[in-house]
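In this text, residue positions in the sequence shown follow numbering that gives the first Met the number 0: the first is 0, and each later residue adds one.
We put the CB at the ideal spot given by N, CA and C, even for glycine.
Comments concern the structure below.
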Amino acid sequence: MASQKHTADFVLHQLGLPERFTVRAMFGEYALYADGKPVAFICDDQLFVKRMAESLELEGRCELAPAYPGSKDHYLVPEDMIAGDRRLPGVLLRMAEVLPLPKARRNGKGRARP
Numbered sequence: 000m001a002s003q004k005h006t007a008d009f010v011l012h013q014l015g016l017p018e019r020f021t022v023r024a025m026f027g028e029y030a031l032y033a034d035g036k037p038v039a040f041i042c043d044d045q046l047f048v049k050r051m052a053e054s055l056e057l058e059g060r061c062e063l064a065p066a067y068p069g070s071k072d073h074y075l076v077p078e079d080m081i082a083g084d085r086r087l088p089g090v091l092l093r094m095a096e097v098l099p100l101p102k103a104r105r106n107g108k109g110r111a112r113p
């Protein structure tokens with residue numbers, strides 16, 4: 000089931016810092032970016048955060064679940080944590096500090112696309 004745009008807008012609004020967090024539509028779902036780096040997915044109108052050392056703070060506070068069929072388990076962040084936990088933006092920004100920038104996509108002629 001595809002996520003609704005207002006869910007992505009809700010997550011962005013709750014995180015604050017519009018200059019640091021963005022979303023991009025992907026296959027009917029959304030990828031959440033912190034400082035231009037993908038840190039989470041919004042799938043089926045739920046927030047799934049990547050599991051890594053910088054997001055370990057979410058262990059025990061979030062269920063583990065695949066973001067989409069066949070994916071690795073992610074932290075499934077409950078809505079009350081999105082709306083009420085002021086630590087979540089910090090976790091996502093710490094993740095972005097260690098993640099590489101996405102590779103530039105190429106068009107059919109071998110040139111990098113923006």
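Exercise. What is the DSSP secondary structure of Q3, reduced to helix, strand or coil?
Worked result: Counting from one through the sequence shown, the residue named residue 3 turns up at place 4. In the structure shown, Q3 adopts coil according to DSSP, grouped into three states.
Exercise. Nearest to F47 by alpha carbon, out of G35, L16, S70, G27?
Worked result: In the sequence shown, counting from the first residue as 1, residue 47 sits at position 48. The option with the nearest alpha carbon to F47 is S70.
For this session: Kindly identify the DSSP beta-bridge partner or partners of E28.
Result: On the sequence shown, position 29 is the one that residue 28 refers to. M25.
Exercise. Near Q45, what residues of its chain come up, given a Cβ to Cβ distance below 7 Å and the 5 sequence neighbours on each side ignored?
Worked result: As a position in the sequence shown, residue 45 is number 46, starting the count at 1. Correct list, in chain order: L75.
Exercise. Ordered along the chain, which non-local residues of its own chain (more than five positions away) have a Cβ less than 7 Å from that of L16?
Worked result: Taking the first residue of the sequence shown as 1, we reach residue 16 at position 17. If we look at L16 and ignore the five residues flanking it on each side, its Cβ neighbours are P88.
Exercise. DSSP on E62, reduced to helix/strand/coil?
Worked result: Taking the sequence shown and counting its residues from 1, one reaches residue 62 at position 63. Correct three-state label for E62: strand.
For this session: Mind checking who K102 pairs with in its DSSP beta bridge?
Result: Position 103 of the sequence shown, counted from the first residue, corresponds to residue 102. DSSP output for K102 lists no bridge partner at all.
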